[in-house]
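Colleague:
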Amino acid sequence: MTTQALPSALAAIVDDFQALSEPERLQLLLEFSEGLPELPDRLKDHPELLEQVVECQSPLFLTIETEANDAGPAGAVRLYFKAPAEAPTTRGFAGVLHEGLDGLSAAEILAVPDDMPELLGLTRAITPLRMRGMTAMLGRIKRKLAASQADA
Amino acid sequence: MPYPVEQNEKFAAYAHPERLVSTEWLAAAIENGAVANGELIVVESDEDVLLYETGHIPGAVKIDWHTDLNDEVSRDYIDGAAFASLAASKGISRDSTVVIYGDKSNWWAAYALWVFTLFGHEDVRLLDGGRDKWVAEGRELTKDRPAPASGNYPVVERNDAPIRAFKDDVLAHLGNGPLIDVRSPEEYTGQRTHMPAYPEEGTLRGGHIPTAASIPWARAAAADGTFRSREELEAIYLGEAGLAEGDDVVAYCRIGERSSHTWFALKYLLGFDSVRNYDGSWTEWGNAVRAPIVKGAERGSLPVAVGA
Chain A
205 MTTQALPSAL
215 AAIVDDFQAL
225 SEPERLQLLL
235 EFSEGLPELP
245 DRLKDHPELL
255 EQVVECQSPL
265 FLTIETEAND
275 AGPAGAVRLY
285 FKAPAEAPTT
295 RGFAGVLHEG
305 LDGLSAAEIL
315 AVPDDMPELL
325 GLTRAITPLR
335 MRGMTAMLGR
345 IKRKLAASQA
355 DA
Chain B
3 MPYPVEQNEK
13 FAAYAHPERL
23 VSTEWLAAAI
33 ENGAVANGEL
43 IVVESDEDVL
53 LYETGHIPGA
63 VKIDWHTDLN
73 DEVSRDYIDG
83 AAFASLAASK
93 GISRDSTVVI
103 YGDKSNWWAA
113 YALWVFTLFG
123 HEDVRLLDGG
133 RDKWVAEGRE
143 LTKDRPAPAS
153 GNYPVVERND
163 APIRAFKDDV
173 LAHLGNGPLI
183 DVRSPEEYTG
193 QRTHMPAYPE
203 EGTLRGGHIP
213 TAASIPWARA
223 AAADGTFRSR
233 EELEAIYLGE
243 AGLAEGDDVV
253 AYCRIGERSS
263 HTWFALKYLL
273 GFDSVRNYDG
283 SWTEWGNAVR
293 APIVKGAERG
303 SLPVAVGA
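Sequences listed follow chains A and B, in order. Per the working numbering, numbering through the first sequence is continuous, rising by one, with the last residue being 356. Per the working numbering, numbering through the second sequence is continuous, rising by one, with the last residue being 310.
1) What three-state label does DSSP hand phenylalanine 346 of chain B in the structure shown?
2) Quick one: is leucine 342 of chain A near chain B, going by C-beta distance under 7 Å?
3) What span of residues does the beta strand (DSSP E) with alanine 253 of chain B cover, start to end?
4) When the Cβ atoms of the region 270–281 of chain B are set against those of the region 240–253 of chain B, are three or more pairs found closer than 8 Å?
5) Does the beta carbon of valine 75 of chain B come closer than 7 Å to any beta carbon on chain A?
6) Taking the CB atoms as reference points, tell me whether arginine 256 of chain B and threonine 285 of chain B lie closer together than 7 Å.
7) Are the beta-carbon atoms of valine 63 of chain B and valine 101 of chain B separated by less than 7 Å?
8) Suppose you measure from the CA of alanine 354 of chain A to the CA of leucine 314 of chain A; what does that come to, to the nearest Å?
9) How is the alpha helix (DSSP H) around tyrosine 113 of chain B delimited, first residue to last?
10) Tell me, which residues are paired with isoleucine 102 of chain B by DSSP?
11) To the nearest angstrom, report how far apart alanine 1 of chain B and arginine 194 of chain B are at their CA atoms.
12) Could you check if valine 291 of chain B is buried or exposed, using at least 16 other CB atoms within 10 Å of its CB as the buried criterion?
13) So what does DSSP say about glycine 309 of chain B, is it helix, strand or coil?
14) Please state if the CB of threonine 267 of chain A and the CB of glycine 337 of chain A are separated by a distance shorter than 7 Å.
15) According to DSSP, what are the bridge partners of histidine 210 of chain B?
16) CB valine 252 of chain B to CB tyrosine 280 of chain B, shorter than 7 Å?
17) Against histidine 68 of chain B, what residues of chain A qualify as contacts under a CB-to-CB distance less than 9 Å, listed in chain order?
18) Rounded to whole angstroms, what's the CA-CA distance from asparagine 34 of chain B to glutamate 26 of chain B? Just pull it up for me.
19) Use the C-beta contact count for glutamate 142 of chain B: other C-beta atoms within 10 angstroms, 16 or more gives buried, fewer gives exposed.
20) Who are the neighbours of alanine 291 of chain A on chain B, taking C-beta pairs under 7 Å?
21) Pick out whichever of A/Leu326, A/Arg328, A/Leu301 and A/Ala329 has its Cα sitting closest to the Cα of valine 316 of chain A.
22) Among the residues of its own chain, which have a CB less than 6 Å from the CB of aspartate 125 of chain B, if the five just before and after it don't count?
23) Using a 10 Å radius around the Cβ and a threshold of 16 neighbouring Cβ atoms, would you call glycine 177 of chain B buried or exposed?
24) Taking DSSP as the reference, what is the three-state secondary structure of glutamine 256 of chain A?
25) Report back the beta-carbon spacing between proline 292 of chain A and threonine 144 of chain B to the nearest angstrom; my notes put them in contact at under 8 Å.
26) DSSP three-state call for threonine 191 of chain B: helix, strand or coil?
27) Does leucine 304 of chain B have its Cβ less than 7 Å from a Cβ in chain A?
28) Would you list the residues sitting across from glutamate 269 of chain A in a DSSP beta bridge?
29) Going by DSSP, name the residue or residues bridged to threonine 144 of chain B.
30) Can you tell me which residues form a DSSP beta bridge with serine 309 of chain A?
31) Would a C-beta distance cut-off of 7 Å place phenylalanine 236 of chain A and arginine 229 of chain A closer than the cut-off?
32) Please determine if the region 64–82 of chain B and the region 106–120 of chain B are in contact, where contact requires at least 3 C-beta pairs separated by less than 8 Å.
33) Can you check DSSP and say which residues form a bridge with arginine 278 of chain B?
34) Using a 10 Å radius around the Cβ and a threshold of 16 neighbouring Cβ atoms, would you call serine 216 of chain B buried or exposed?
35) DSSP beta-bridge partners for tyrosine 79 of chain B?
36) Name the chain A residues that come within less than 8 Å of threonine 285 of chain B, Cβ to Cβ?
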């Protein structure tokens, strides 16, 4: 698998991680955890609209919305995540997926390889066990998208 | 040189009060320069590998349970040479007083303390209440990483036998001594083959080791993450679980981390001399061919073949 198969924003993030040493990669993941946007108020007040990804070691909730677009091209998919501040690794994974995938079309997100998280080069520093949380997050986003497309 | 032990009424009731320090005590020690001058080494050990980086107790170094203490290849802990080099790099010498704290009521900190004890490190203590209590009290946190002068740590071979049980030890223990299962009730009964949030650490079979009492680990902790009083702990472990003074006890969970917390409470707070942590725990037992298992809420009895 090469980064060429990835959407450009995600490919750029993967390139950034790969250019760094292992301790610097951890630092970058921490920055992504700090950059994860807050939920909009309408979701903050309605936690039942989010789904928990139980594979993550810390509570992580997410949901997706597809923007209506009558003008032709497929609507942009918006991603929303919620994870506590005391779970920076989980927040960092969510931050990477948000920056890399938010606003893309469903087809673009569905084309992201399931094992994309391994490209970040964090497996040794974070351990395979912890990496599975991010793989599960990506898997959940893709399953939800596939289901919403089947409904449409 | 060992740093003076904290004296207070709650700790004095425990069998080994020298194994705990309070947040007030640690804050005062930091104020007095004990951490800055290396008399006291503070170690943070969390489940989340990045939590230390978001802010930690001033002067604290980080030790990660997985990347620092586990062997990278085999399911075991690091060896004496690796431990010596890890300790030295954190400014820890063989005679250092080490205070460990972490997230989730010291779940992982107790695990790190248990590994330090495998190497016979003499003076290692837990911060009662851990990271959450320190944060809840609004005490100082910093992102500055200390650069400690290298410690002087000899290569000491691990001495597993006194505090670590392997599967064969547990088989031999069945019928001869009590077992404490510290997992959730759903894991104990066999309803679940993994912890609610940890499906990747599942097993092929669910249930518990025959005769084990179910005392979920968190019952040893109060709402603020501190250990319960001696009286409360006695009601749980002597009363409910039925342990008796002088018992040889084995505790287990899923991979040996939650049971380290119970191991600490039994050994240092209640004073059981012989307590072993079975770190293979359910991820070994629940996958092992022909290991005896009981399903349901009853402790169950030994199958005839095991005792024979």
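Glycine included, every Cβ here is placed at the ideal spot set by N, Cα and C. These numbers come from a predicted model, not from an experiment.
Modeller: Result, derived from the coordinates:
1) Outside the displayed range of chain B (3 to 310) lies residue 346 of chain B, so it cannot be described from this structure.
2) As a working note, residue 342 of chain A is residue 138 in the first sequence. Chain B contact via Cβ: absent.
3) In the second sequence, counting from the first residue as 1, residue 253 of chain B sits at position 251. Per DSSP, the continuous beta strand (DSSP E) segment holding alanine 253 of chain B begins and ends at 250–254.
4) Touching, yes, given that three or more Cβ pairs across the two stretches are closer than 8 Å.
5) The sequence position of residue 75 of chain B within the second sequence is 73, counting from 1. Chain A places no beta carbon closer than 7 Å to that of valine 75 of chain B, leaving this residue out of the contacts.
6) The residue you call residue 256 of chain B lines up with position 254 of the second sequence. The residue you call residue 285 of chain B lines up with position 283 of the second sequence. Yes.
7) Sequence index remark: in the second sequence, residue 63 of chain B carries index 61 (1-based). Sequence index remark: in the second sequence, residue 101 of chain B carries index 99 (1-based). At the C-beta level, valine 63 of chain B and valine 101 of chain B stay beyond 7 Å of one another.
8) Your numbering for residue 354 of chain A matches position 150 in the first sequence. Your numbering for residue 314 of chain A matches position 110 in the first sequence. Cα-Cα distance, rounded: 13 Å.
9) Residue mapping note: residue 113 of chain B aligns to position 111 of the second sequence, counting from 1. Its alpha helix (DSSP H) spans residues 109–120.
10) Sequence index remark: in the second sequence, residue 102 of chain B carries index 100 (1-based). DSSP lists B/Val45 and B/Leu128 as the beta-bridge partner residues of isoleucine 102 of chain B.
11) Not covered by the structure: residue 1 of chain B. The range shown for chain B is 3 to 310.
12) One-based indexing of the second sequence puts residue 291 of chain B at position 289. Valine 291 of chain B should be labelled exposed.
13) Here the question's residue 309 of chain B lines up with position 307 in the second sequence. The predicted model places glycine 309 of chain B with a pLDDT of 45, which falls under 50 and marks its position as unreliable; any figure quoted below should be read in that light. Looking at glycine 309 of chain B - three-state DSSP - the assignment turns out to be helix.
14) One-based indexing of the first sequence puts residue 337 of chain A at position 133. One-based indexing of the first sequence puts residue 267 of chain A at position 63. Going by C-beta atoms, glycine 337 of chain A is not nearer than 7 Å to threonine 267 of chain A.
15) As a position in the second sequence, residue 210 of chain B is number 208, starting the count at 1. DSSP lists B/Val296 as partners of histidine 210 of chain B.
16) Counted from its first residue, the second sequence places residue 252 of chain B at position 250. Counted from its first residue, the second sequence places residue 280 of chain B at position 278. Result yes, Cβ atoms of valine 252 of chain B and tyrosine 280 of chain B sit closer than 7 Å.
17) By one-based count along the second sequence, residue 68 of chain B stands at place 66. Residues of chain A passing the Cβ test: Ile330, Thr331, Leu333 and Arg334.
18) Position 32 of the second sequence, counted from the first residue, corresponds to residue 34 of chain B. Position 24 of the second sequence, counted from the first residue, corresponds to residue 26 of chain B. When rounded, the distance between both Cα atoms is 12 Å.
19) Here residue 142 of chain B is taken as the residue at index 140 of the second sequence, counted from 1. Only exposed fits glutamate 142 of chain B, as fewer than 16 other CB atoms lie within 10 angstroms of its CB.
20) Stepping through the first sequence from its first residue, residue 291 of chain A is reached at position 87. Chain B residues near alanine 291 of chain A: Asp50.
21) Within the first sequence, the letter at position 112 stands for residue 316 of chain A. Nearest C-alpha to valine 316 of chain A: A/Leu301.
22) The residue labelled residue 125 of chain B in the question sits at position 123 within the second sequence. Answer for aspartate 125 of chain B: Pro4 and Thr99, listed in chain order.
23) Reading the second sequence from its first residue, position 175 is the one you call residue 177 of chain B. The Cβ neighbour count for glycine 177 of chain B, taken over all protein chains shown within 10 Å, is under 16; the residue is labelled exposed.
24) As a first step, residue 256 of chain A must be located in the first sequence, where it is residue number 52. Reduced to three states, the DSSP call for glutamine 256 of chain A is strand.
25) Taking the first sequence and counting its residues from 1, the one referred to as residue 292 of chain A is at position 88. Taking the second sequence and counting its residues from 1, the one referred to as residue 144 of chain B is at position 142. So it is not a contact: roughly 16 Å between Cβ atoms.
26) Sequence index remark: in the second sequence, residue 191 of chain B carries index 189 (1-based). In this structure, DSSP gives threonine 191 of chain B a helical state, which the three-state scheme calls helix.
27) Within the second sequence, the letter at position 302 stands for residue 304 of chain B. Taking 7 Å as the threshold, the shortest C-beta distance from leucine 304 of chain B to chain A does not fall below it.
28) By 1-based counting over the first sequence, the position of residue 269 of chain A is 65. Its beta-bridge partners are A/Arg282.
29) In the second sequence, residue 144 of chain B corresponds to position 142, counting from 1. BP columns for threonine 144 of chain B point to B/His58.
30) Within the first sequence, the letter at position 105 stands for residue 309 of chain A. Residue pairing from DSSP places serine 309 of chain A in a beta bridge opposite A/Ala280.
31) In the first sequence, the residue the question calls residue 236 of chain A occupies position 32. In the first sequence, the residue the question calls residue 229 of chain A occupies position 25. Contact flag unset, no.
32) Result yes; three or more Cβ-Cβ pairs closer than 8 Å.
33) Taking the second sequence and counting its residues from 1, one reaches residue 278 of chain B at position 276. Here arginine 278 of chain B is bridged, per DSSP, to B/Val252.
34) Position 214 of the second sequence, counting from 1, holds the residue named residue 216 of chain B. The C-beta of serine 216 of chain B has 16 or more other C-beta atoms within 10 Å across all chains shown, which makes the residue buried.
35) Residue 79 of chain B sits at position 77 when you count from the first residue of the second sequence. Per DSSP, the beta bridge partners of tyrosine 79 of chain B are B/Asn72.
36) Counting from one through the second sequence, the residue named residue 285 of chain B turns up at place 283. Within chain A, no residue comes near threonine 285 of chain B; the closest Cβ sits about 11 Å away, beyond 8 Å.
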